[in-house]
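A.B. asks:
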Amino acid sequence: MAEPTIAAIATPLGEGGIGVIRVSGADAISIADRCFRAYSGQPLSALKGYQAAYGQVIDGDLVLDDAVALVFHAPKSFTGENTVEISVHGGRMMVQSVLRQVFACGAAPAAAGEFTKRAFLNGKIDLADAESIMGLISAKNEAALRISRAAHGGRIRRETDRIVSLLLQTAASLAAYADYPDEEIPELSPENFGNLLQTVCDSCQKMLSTYDAGRLIREGIRCAIVGKPNVGKSTLMNLLCGQDRSIVTDIAGTTRDVVEETVTVGDVTLVLADTAGIHETDEPVERLGVDLALRRAQNADLILAVFDGSKPLDEDDLRLIERVREQQTLFLWNKSDLASLPVPSVLDGCPVLSLSAQTGNGAEALAEKIAQTVHTAGLDPDAAVLISERQRACVQTALDSAGQALAGLQAGLTLDAVGVCVDDALAALLALTGQRVTNEVTDEVFRRFCVGK
Ligand code: GDP
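Under the numbering used here, think of the first position of the sequence shown as 14, with each following residue one higher.
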């Protein structure tokens, strides 16, 4: 059965210069012709692809708005189907009334991500590309945008295709070797299969190594700001947020709840939590805050451990250092505007930054120091950076299977058994790009999209 023609609002709901209603499917142009009247008197069906007409959206004799209708003929459109984009005055009520009229003329409401899903099903984009579109829309900083642009430009696809061709070469060589084991062909030797599989493993490993850093750049680095009362945690939070977000007082233990804020510092996005001062306390309400702070610190991507650099470390500071030093921690030696003591030797070898949260002195180095500590600094955003957990899982399966094939080869397993592992690795990579993928996985990818995309 033919897919119904769908419609949705493609721009954010709110007041704006224009709002766009997108209609896609075999009947898109005839449906639009029922609710759009061009001033030229020409129907939209008479227009060539990429041509626009100026006119009115109508409901019988009632004029809903002036509009521009842009026509795309299949397959030369984003979805690969006939498409009409109707631009009207932006505004929630206006675009909703035009959408209702498009529905009344025969279109069905689009599901979340359905336009992009159709683009995928019609072979206009691959699955990794579809995911990159989500990244383009939701990018929170310049580096995140570059990662999604690289993926959108086909970097993931090209790298995956390269590994797939190595695996196909391996599979073909294995089959040929099984048929002609006595031929003296250098390409058909177990040693050569081993080299190919090793290259596959190395390439998969390289792709995987980009995932964690890419995720931190895209989603933001979950930071826990910890330290004893009065060392300057709230002042630091306020400095980063550029406003008085947390309550700053010099009475110990006044920040008891976790306050969360997303900020972009240089090229890093931080999801910050200013937590109650971490120190040993028996006071029950404060105790809760301290527990929360420590739990939060355990789940953080990065701990910003703050110390009062104008005072020698005490027992609480030393205990905190021991608790967090095994995690990814940046030690902040605060209050450098006061007569600051040298950084103590107990922090030798740890990432440390000396700064004044109050004056902001030294804070300009913070973004770079954070990027170094969480290893996002070394990531090339223009490389093939994996951008979803689904992609990561596919490459991990490919690596595991290729690794098993290699181990099997070295252990003298039958070539059939090695071939099965090679096929598993291939299947995982073809699932990544969507060349071989189940409907359930496809549905899961597009469920994350918004309606209208
Ligand atoms: P918290 O309890 O760790 O959140 O500490 P606060 O941010 O509330 O700061 C405690 C006190 O230290 C306040 O009086 C701040 O003004 C002061 N303070 C914080 N950072 C600095 C700094 O860099 N230099 C100086 N001189 N004082 C600071």
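Glycine is no exception: its CB is placed at the ideal position from the N, C-alpha and C atoms.
With a CB to CB cut of under 6 Å and the five nearest residues on each side skipped, what residues in its chain are close to G29?
C.D. replies: Here residue 29 corresponds to residue number 16 of the sequence shown, with the count starting at 1. If we look at G29 and ignore the five residues flanking it on each side, its Cβ neighbours are G103.
A.B. asks: Taking E144 as part of the alpha helix (DSSP H), name the residues at either end of that continuous run.
C.D. replies: Taking the first residue of the sequence shown as 1, we reach residue 144 at position 131. Its alpha helix (DSSP H) spans residues L140 to S151.
A.B. asks: Under 7 Å from any heavy atom of the ligand GDP, does the C-beta of A370 make it?
C.D. replies: Taking the sequence shown and counting its residues from 1, the one referred to as residue 370 is at position 357. It does: the Cβ of A370 is within 7 Å (strictly closer) of some heavy atom of the ligand GDP.
A.B. asks: Rounded to a whole number of angstroms, what is the C-alpha to C-alpha distance between I71 and A82?
C.D. replies: For this step, residue 71 is matched to residue 58 along the sequence shown. For this step, residue 82 is matched to residue 69 along the sequence shown. If you take the alpha carbons of I71 and A82, they lie about 13 Å apart.
A.B. asks: If you run the structure through DSSP and keep just helix, strand and coil, what is N374?
C.D. replies: Taking the first residue of the sequence shown as position 1, residue 374 is located at position 361. The answer is coil: DSSP assigns N374 none of H, G, I, E or B.
A.B. asks: Near A191, what residues of its chain come up, given a Cβ to Cβ distance below 6 Å and the 5 sequence neighbours on each side ignored?
C.D. replies: Residue numbering aside, residue 191 sits at position 178 when the sequence shown is read from its first letter. Correct list, in chain order: L428.
A.B. asks: A411 and C254: beta carbons closer than 8 Å?
C.D. replies: Position 398 of the sequence shown, counting from 1, holds the residue named residue 411. Position 241 of the sequence shown, counting from 1, holds the residue named residue 254. No.
A.B. asks: If you draw a straight line from the C-alpha of G375 to the C-alpha of G322, how long is it?
C.D. replies: Here residue 375 corresponds to residue number 362 of the sequence shown, with the count starting at 1. Here residue 322 corresponds to residue number 309 of the sequence shown, with the count starting at 1. Looking at the two C-alpha atoms, the distance is approximately 13 Å.
A.B. asks: Look at the alpha carbon of N208 and the alpha carbon of A310, and state the distance between them as a whole number of angstroms.
C.D. replies: Within the sequence shown, residue 208 is the residue found at index 195, counting from 1. Within the sequence shown, residue 310 is the residue found at index 297, counting from 1. Their backbone Cα atoms lie some 43 Å apart in a straight line.
A.B. asks: How about V81: is its Cβ closer than 7 Å to a heavy atom in the ligand GDP?
C.D. replies: Residue mapping note: residue 81 aligns to position 68 of the sequence shown, counting from 1. No, the Cβ of V81 stays beyond 7 Å of every heavy atom of the ligand GDP.
A.B. asks: Select from A184, D174, D40 and I160 the residue whose C-alpha is nearest the C-alpha of V115.
C.D. replies: Here residue 115 is taken as the residue at index 102 of the sequence shown, counted from 1. Checked all of A184, D174, D40 and I160; the closest Cα to V115 is D40.
A.B. asks: If you check the beta carbons only, do L140 and V408 fall under 8 Å apart?
C.D. replies: By one-based count along the sequence shown, residue 140 stands at place 127. By one-based count along the sequence shown, residue 408 stands at place 395. In this structure, V408 does not lie closer than 8 Å to L140 by Cβ.
A.B. asks: Buried or exposed for Y63, please, with buried defined as at least 16 other CB atoms from any protein chain shown within 10 angstroms of its CB.
C.D. replies: By one-based count along the sequence shown, residue 63 stands at place 50. Exposed, by the Cβ-count rule.
A.B. asks: Whether or not the stretch 150–167 and the stretch 221–241 are in contact is what I'm after, with contact meaning three or more pairs of Cβ atoms, one per stretch, closer than 8 Å; do they touch?
C.D. replies: The stretch 221–241 is in contact with the stretch 150–167.
A.B. asks: At what residues does the beta strand (DSSP E) containing I400 begin and finish?
C.D. replies: Taking the first residue of the sequence shown as 1, we reach residue 400 at position 387. From DSSP, I400 is part of no beta strand (DSSP E); its letter is neither H nor E.
A.B. asks: To the nearest whole angstrom, what separates the beta carbons of R170 and T446, a pair I think is in contact under 8 Å?
C.D. replies: For the purposes of this step, residue 170 is taken as the residue at position 157 of the sequence shown. For the purposes of this step, residue 446 is taken as the residue at position 433 of the sequence shown. Right, their Cβ atoms sit about 6 Å apart.
A.B. asks: Please report the Cβ distance between A164 and V356, rounded to the nearest whole angstrom; I am assuming they are in contact, meaning their Cβ atoms lie under 8 Å.
C.D. replies: In the sequence shown, residue 164 corresponds to position 151, counting from 1. In the sequence shown, residue 356 corresponds to position 343, counting from 1. Contact doesn't hold; Cβ gap of about 41 Å is too wide.
A.B. asks: Tell me whether A378 is buried or exposed, calling it buried when 16 or more other Cβ atoms sit within 10 Å of its Cβ.
C.D. replies: Within the sequence shown, residue 378 is the residue found at index 365, counting from 1. Exposed is the call here.
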